[in-house]
Amino acid sequence: MNAEQSAGSHIHPIVRVPLSTGAPLIEATFAARPSQFLVEAQMGGRMVRAHLADRGRLTDMLLPGARLLLAPREEIGRKTAFQVVAVYQGHDLVSLDTQLPNRLVAAALSLGALPQFARYSRVQREVQLGPHRIDFRLSEGLDTCWLEVKSVTRIIDNVAVFPDAPTERGGNHLELLTNAARNGQRAAVVFIIQRSQGCAFAPDESIDRAFSRALRTARSMGVEMYAYVCPVSITGMTLGREVPIFASLDAVPPELRRC
1 MNAEQSAGSH IHPIVRVPLS TGAPLIEATF AARPSQFLVE AQMGGRMVRA
51 HLADRGRLTD MLLPGARLLL APREEIGRKT AFQVVAVYQG HDLVSLDTQL
101 PNRLVAAALS LGALPQFARY SRVQREVQLG PHRIDFRLSE GLDTCWLEVK
151 SVTRIIDNVA VFPDAPTERG GNHLELLTNA ARNGQRAAVV FIIQRSQGCA
201 FAPDESIDRA FSRALRTARS MGVEMYAYVC PVSITGMTLG REVPIFASLD
251 AVPPELRRC
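Our numbering applies: residue 1 is where the sequence shown begins, and numbers increase by one.
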């Protein structure tokens, strides 16, 4: 991560995290996805297997011939020697690392780049709340905020949508945050759109009606929600502009779909 000074007298923190650490990324061509967490790809005339962390369907991105970025992984005990890091969709590079948004938010919190959370001096990660873990617990004295981060990759008509596959876990997280808000605690969700496209965010009811319903309930109970477009390049992902959140795709104004 880094912070850079913008033009003028004010410091504007630019938050960027690398796509991978260690060996340089390698370009490959998508061939097949034989299972949810496994990808086969052509690399330099040979077929390689790579682990894919993203649970989404990715049917509009993982097409035959799609350009992938793979990270070499030689850790003992791994079944694959590579990790799928990102995929090109046209000219847009899309991160498929579901942990990258958490690293980006952690960096943003440490740099004060998310002003709505700036008052908290203590940041804990992966904290138990009920039967599940929440990504962050922010605190300042007795003041606490539960913060969950969600990775978004799919775009429909310039609108970033989530989820890309049914997510019982995502719904459970929203219910936990809703209960926390009901009990007077601060709770929030940050949707990190891992690409440069997107002028708004909405839940995709056609994929998971229960999650969409849970999201609307959470908002009505005071759970704060934020969405950020985060451009991806081969050097890393950058915290970008905030975009509005709508209760459904149908609620997004036509002018935002044409941005």
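All C-beta atoms in this analysis are idealised placements derived from N, C-alpha and C, irrespective of residue type, glycine included.
Only a predicted model underlies this, so the values are computations on that prediction, with no experimental measurement involved.
Between which two residues does the alpha helix (DSSP H) harbouring Glu-148 extend? Sequence index remark: in the sequence shown, residue 148 carries index 148 (1-based). Note, Glu-148: premise wrong, no alpha helix (DSSP H); beta strand (DSSP E) at 143 to 152.
Can you tell me whether DSSP reads Thr-29 as helix, strand or coil? In the sequence shown, residue 29 corresponds to position 29, counting from 1. In this structure, Thr-29 counts as strand in the three-state DSSP scheme.
When DSSP labels each residue in this structure, what does Gly-8 get in the three-state scheme? Position 8 of the sequence shown, counted from the first residue, corresponds to residue 8. Bear in mind that the predicted position of Gly-8 carries a pLDDT of just 37, short of 50, making it unreliable; the figure below should be weighed with that in mind. Note: Gly-8 maps to coil in three-state DSSP.
Under the DSSP definition of a beta bridge, which residues are partnered with Val-84? Taking the first residue of the sequence shown as position 1, residue 84 is located at position 84. Paired residue(s): Leu-70.
Please work out which residues of its chain come closer than 6 Å, Cβ to Cβ, to Ala-187, disregarding the five sequence neighbours upstream and downstream, and give them in chain order. As a working mapping, residue 187 is identified with position 187 in the sequence shown. For Ala-187, where only same-chain residues beyond five positions count, the Cβ hits under 6 Å are Trp-146, Leu-177, Ala-180, Ala-181 and Val-223.
Bounding residues of the alpha helix (DSSP H) (the contiguous stretch that carries Thr-178): Taking the sequence shown and counting its residues from 1, one reaches residue 178 at position 178. Segment 168 to 182, the alpha helix (DSSP H) holding Thr-178.
Going by Cα to Cα distance, which pick from Ile-192, Arg-241 and Gln-124 is closest to Asp-97? As a working note, residue 97 is residue 97 in the sequence shown. Among Ile-192, Arg-241 and Gln-124, the Cα nearest to that of Asp-97 is on Ile-192.
In angstroms, rounded to a whole number, what distance separates the CA positions of Val-159 and Ala-200? Taking the first residue of the sequence shown as position 1, residue 159 is located at position 159. Taking the first residue of the sequence shown as position 1, residue 200 is located at position 200. The alpha-carbon atoms of Val-159 and Ala-200 are separated by roughly 5 Å.
Classification of Thr-262 by the beta-carbon crowding that lies within 10 angstroms, buried from 16 upward: For residue 262 there is no data in the structure shown, the boundaries of the chain being 1 and 259.
Considering just the uninterrupted stretch of the beta strand (DSSP E) at Ala-202, what are its terminal residues? As a first step, residue 202 is located in the sequence shown; it is residue number 202 there, counting from the start. From DSSP, the beta strand (DSSP E) with Ala-202 extends over 200 to 203.
What are the start and end residues of the beta strand (DSSP E) that includes Ser-139? Counted from its first residue, the sequence shown places residue 139 at position 139. That run of the beta strand (DSSP E) goes 132 to 140.
First and last residue of the uninterrupted alpha helix (DSSP H) at Arg-103: Position 103 of the sequence shown, counting from 1, holds the residue named residue 103. From DSSP, the alpha helix (DSSP H) with Arg-103 extends over 100 to 111.
Quick one, are the C-beta atoms of Thr-229 and Arg-241 less than 8 Å apart? For the purposes of this step, residue 229 is taken as the residue at position 229 of the sequence shown. For the purposes of this step, residue 241 is taken as the residue at position 241 of the sequence shown. At residue 229 the sequence reads Val, which differs from the Thr that was named. Closer than 8 Å, so yes.
Please classify Glu-4 as buried or exposed, where buried requires at least 16 neighbouring CB atoms within 10 angstroms. Taking the sequence shown and counting its residues from 1, the one referred to as residue 4 is at position 4. Low local confidence applies: a pLDDT of 40 at Glu-4 is under 50, so the model's placement there is unreliable, with the coordinate-based value given in what follows. Label assigned to Glu-4: exposed.
Cα-Cα, which of Pro-115, Ile-156, Asp-54 and Gly-236 is closest to Pro-13? Position 13 of the sequence shown, counted from the start, is the residue given in the question as residue 13. Checking every option, the nearest Cα to that of Pro-13 belongs to Pro-115.
Between which two residues does the beta strand (DSSP E) containing Ala-227 stretch? As a working mapping, residue 227 is identified with position 227 in the sequence shown. Unbroken beta strand (DSSP E) run through Ala-227: 224 to 229.
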